[in-house]
Amino acid sequence: GAVVSQHPSWVICKSGTSVKIECRSLDFQATTMFWYRQFPKQSLMLMATSNEGSKATYEQGVEKDKFLINHASLTLSTLTVTSAHPEDSSFYICSATGGARGNEQFFGPGTRLTVL
Amino acid sequence: AQTVTQSQPEMSVQEAETVTLSCTYDTSESDYYLFWYKQPPSRQMILVIRQEAYKQQNATENRFSVNFQKAAKSFSLKISDSQLGDAAMYFCAYRNTASKLTFGTGTRLQVTL
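So the sequences go chain by chain: A and B. Each residue of the first sequence is one higher than the one before, counting from -2 in the numbering used here. Each residue of the second sequence is one higher than the one before, counting from 3 in the numbering used here.
Set out below in structure tokens:
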């Protein structure tokens, strides 16, 4: 139980285009989802927290207009990187909590984004 | 703001031996959780062990145990009988009551034959 999936697992896009990453909780209702960014050989940095049905809360320094987060249902959150640039290339990881799982965070397998 | 410090960028241990990874944290809160996560080359974050701050007893999960020193704000991970599959990046993490996780910089563990 407590499985979180991400799609796609990797994506390559051209500079200036937008990319959407999906995060799904497969066997529980995720009232809260978190989005992290991890640069090579570095730690996970929290980008934003999203609660189902409400606007995401962004961490200091994260551009909310660039990283659009939607959490429209209890099993799906999406992260859209708008007008992507090479410096946005990174590994993006989501996690989810909720329901009987309490506030334990369960992580997705991550999405590698490469912007050319 | 909470901070988590892992002072060992890399550690090495021989198979079947014991290794301890260090972690210190800073917080003004009294109610929190501490975690050790493993990140193998697949990049999937795997929960190794968790510790509730209000519990004095150190958590244990099979070959993994922690030494939680609340007053010193120290939370080390001991891996006994190390196996090749233990090789990975290990992150210490702090979680506050709002469920936000703060990660340390990580320790890369190598396991040698």
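Ideal Cβ positions, reconstructed from N, Cα and C, are used throughout, including at glycine.
Chain B contact for residue i (CB, 8 Å cutoff)
| i | result |
| --- | --- |
| PHE104(A) | yes |
| LEU65(A) | no |
| ASN48(A) | no |
| ILE9(A) | no |
| THR75(A) | no |
Where residue i falls, given that 16 or more other Cβ within 10 Å makes a residue buried
| i | result |
| --- | --- |
| GLY107(A) | buried |
| GLY58(A) | exposed |
| TRP38(B) | buried |
| LEU41(A) | buried |
| SER47(A) | buried |
| ASP83(B) | exposed |
Whole-angstrom C-beta distance between residue j and residue i, which should lie under 8 Å
| i | j | result |
| --- | --- | --- |
| THR28(A) | GLU56(A) | Contact doesn't hold; Cβ gap of about 19 Å is too wide. |
| LEU65(A) | ILE18(A) | About 11 Å; that fails the 8 Å criterion. |
| MET47(B) | GLN41(B) | 6 Å |
| TYR92(B) | GLY108(B) | 7 Å |
CB contact flag (residue i, residue j, <8 Å)
| i | j | result |
| --- | --- | --- |
| LEU79(B) | THR29(B) | no |
| LYS76(B) | THR20(B) | Correcting the residue type first, residue 76(B) is Ser in the shown sequence and not Lys. Not closer than 8 Å, so no. |
Residue i - containing beta strand (DSSP E), residue span
| i | result |
| --- | --- |
| ASN48(A) | 41 to 48 |
| LYS40(B) | 35 to 41 |
Contact with chain A by residue i, beta-carbon distance below 8 Å
| i | result |
| --- | --- |
| LEU115(B) | no |
| SER101(B) | yes |
| PHE70(B) | no |
| VAL4(B) | Position check: residue 4(B) holds Gln in this sequence, whereas Val was assumed. So, not an interface residue. |
| PHE93(B) | yes |
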